[in-house]
Amino acid sequence: MCGAVSPGMTFKPKTRGWLDKLYLVYFIQHIPPTLLIDLSPLYPDALTPPWMKDLRSWYVTTYKDPLIGSQSYPGGWFTAFLAYEALFQLPFFFYAAFELWKGAKDVYLPLLIYGIHVTTTTSACLGELLSFKDHILAMPEKATLLAFYLPYILIPILMSWDMWGRIKEGLRAQYSENLHARAAIYATCALLRTDWKHDTNVD
193 MCGAVSPGMT FKPKTRGWLD KLYLVYFIQH IPPTLLIDLS PLYPDALTPP WMKDLRSWYV
253 TTYKDPLIGS QSYPGGWFTA FLAYEALFQL PFFFYAAFEL WKGAKDVYLP LLIYGIHVTT
313 TTSACLGELL SFKDHILAMP EKATLLAFYL PYILIPILMS WDMWGRIKEG LRAQYSENLH
373 ARAAIYATCA LLRTDWKHDT NVD
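Note that the numbering used here has the sequence shown beginning at 193, numbered continuously upward.
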């Protein structure tokens with residue numbers, strides 16, 4: 193059919209090498225603190241090794257993190273965020289790192305979804321940290337925790353913006369390819385019709 197588009201057409205968005213390396217490092221380094229500190233409140237006490245309890249206690253004592261220290265009231269929202277981290281984010285770290293290492297392009301949409309999700313949850317955590325009274329969390333302690341948390345919101349924001357740009361660029365390239373292909377097909381069909389009419393008139 194003359195108006196059809198070739199099913200073999202694909203778009204190849206431009207690769208941002210240094211950004212992909214940044215995302216790869218981000219996901220790999222995110223795994224140990226997630227397993228050892230962030231998710232430790234969810235582990236059954238009987239199954240948590242003493243060294244992991246000591247690590248969490250050291251972190252809370254040293255950096256006064258009220259969220260990991262379960263000082264947020266009523267705190268149910270943060271437990272829900274930890275469940276998201278365990279069920280969605282942690283498995284995604286492995287998937288995203290593997291896909292980025294391969295240089296796969298089909299990871300762009302999952303990275304966009306992840307970036308938006310984490311930007312939302314981390315902004316809520318930052319808002320909660322800043323809302324604590326000074327007698328619970330002094331300003332220098334807030335500044336230290338903000339320095340810890342900021343990369344985990346700035347990189348997802350960058351990732352969301354970057355992936356949206358890549359996807360949009362790919363869609364535009366696909367649309368442009370389709371227009372050129374259709375134009376070529378229509379031109380070929382018109383030429384064939386002209387030749388057919390010419391042959392008919394000659395006969």
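Cβ atoms here follow ideal geometry from the backbone N, Cα and C, with glycine treated the same way.
| said: By the DSSP assignment, the alpha helix (DSSP H) with D246 in it spans what residues? | reply: That run of the alpha helix (DSSP H) goes P242 to Y255.
| First and last residue of the uninterrupted alpha helix (DSSP H) at G261 | Counting along the chain, no alpha helix (DSSP H) covers G261, and no H or E run does either.
| field | Supposed contact pair G319 and S352 - C-beta distance, whole angstroms, cut 8 angstroms | value | With 8 angstroms as the limit, S352 and G319 do not qualify as a contact, their Cβ atoms being about 19 angstroms apart.
| task | Hey, could you find the ends of the alpha helix (DSSP H) P302 is sitting in? | result | Bounds of the alpha helix (DSSP H) holding P302 are Y300 to S323.
| field | Expected contact under 8 angstroms - CB spacing of W293 and L231 to nearest Å | value | Contact flag wrong, Cβ pair sits at about 24 angstroms.
| Based on Cα-Cα distance, which residue from R248, L279 and L274 lies nearest to P229? | At residue 229 the sequence reads Ile, which differs from the Pro that was named. Of the listed residues, the one whose Cα sits closest to I229 is R248.
| task | Check L239 in the structure and name its three-state DSSP category. | result | Per DSSP, reduced to three states, the secondary structure at L239 is helical.
| Inter-residue spacing [alpha-carbon to alpha-carbon] between I223 and P236 | Annotation: I223 to P236 spans about 20 angstroms, alpha carbon to alpha carbon.
| query | For the alpha helix (DSSP H) that contains A339, what are its first and last residues? | reply | Here the alpha helix (DSSP H) through A339 covers M331 to Y341.
| field | Any 3 or more C-beta pairs closer than 8 angstroms across the stretch 273–283 and the stretch 319–333 | value | Under the three-pair Cβ rule at 8 angstroms, the stretch 273–283 does not count as touching the stretch 319–333.
| request: Give the range of the alpha helix (DSSP H) segment to which I220 is assigned. | output: Here the alpha helix (DSSP H) through I220 covers G209 to P225.
| Is the CB-CB distance between I349 and Y218 below 7 angstroms? | I349 is not a Cβ neighbour of Y218, given a cutoff of 7 angstroms.
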